[in-house]
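Single-structure report; data block below.
In the working numbering, the protein residues as written are 6 to 185.
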């Protein structure tokens, strides 16, 4: 048990270092992947997503909407948790663990654009004063803020835990003698 904690802490340190150094690099493909999602909403069709450091800037192409800054690094730090969880497994560098980790990591990365889309919608629905009031009703504003809160508090971490658990379930449920 002690070694599992040590491996988790080591994975946590590696995860923080990776996230800290790569978050702004990841924001460029993240903005590109989220762009089609944002254009689904007719209110946001006249905007372009641009990565600027750790922020995604929602840049209006016309004067029909205000500019918004989305702190994208706050939507992607669940990679730290998934790295730490897979590092805590008994054989963290086994082919099986690395394969499960790669699948889990890809799942997280593919869900980040959805989280960004939700955050953009919530920002435009709730934080831009008169523009928000004119383009979103009270019900829509409440829905978007609740979806964003759910994603940030439960969804981000739930996906990381679920991906780890599914990838590690056969080892967790196996008897101690059959573990690798």
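No residue lacks a Cβ here, since even glycine has one placed at the ideal position from N, Cα and C. Given the structure is predicted, the values throughout are model-derived calculations rather than measurements.
Looking at the DSSP output, residue 71 bridges to nothing.
Residue 71 holds the alpha-carbon nearest to the alpha-carbon of residue 48 among 56, 71, 58, 26. When secondary structure is reduced to three states using DSSP, residue 64 falls in the strand class. Shown here, residue 55 sits in a strand according to DSSP, grouped into three states. Assignment of residue 156 by DSSP, reduced to helix, strand and coil, places it in the helix class.
Residue 94 holds the alpha-carbon nearest to the alpha-carbon of residue 6 among 94, 30, 24. Residue 133 carries a coil assignment under DSSP once its states are collapsed to helix, strand and coil.
In terms of Cβ geometry, residue 84 and residue 73 do not form a close pair [threshold 9 angstroms]. Taking C-beta separations shorter than 6 angstroms and ignoring five residues to either side along the sequence, the partners of residue 112 in its chain run 168, following chain order. The segment 34 to 51 makes contact with the segment 116 to 124, as at least three CB pairs between them are under 8 angstroms.
Of all alpha-carbon atoms in 50, 154, 79, the one lying nearest the alpha-carbon of residue 68 is that of 50. Non-local beta-carbon contacts of residue 105 in its own chain, meaning distances under 6 angstroms to residues more than five positions away in sequence, involve 172 in chain order.
Residue 6 sits in coil when the DSSP states are folded into three classes, being neither helix nor strand. Residue burial is scored here from C-beta neighbours: residue 66 has fewer than 16 other C-beta atoms within 10 angstroms and is therefore classed as exposed. Following the DSSP letters along the chain, one finds residue 86 inside the alpha helix (DSSP H) bounded by residues 83 to 92.
Restricting attention to 125, 76, 155, the CA atom closest to the CA of residue 141 is found in 125. Here residue 75 has 60, 61, 63, 121, 124, 125, 128 as same chain residues with Cβ atoms under 7 angstroms from its own Cβ, once five neighbours each way along the sequence are excluded. In the three-state reduction of the DSSP assignment, residue 16 falls in the helix class, which pools H, G and I.
Take residue 17, set aside five residues on each side of it, and the residues of its chain with a beta-carbon closer than 7 angstroms to its own are 85, 89, in chain order.
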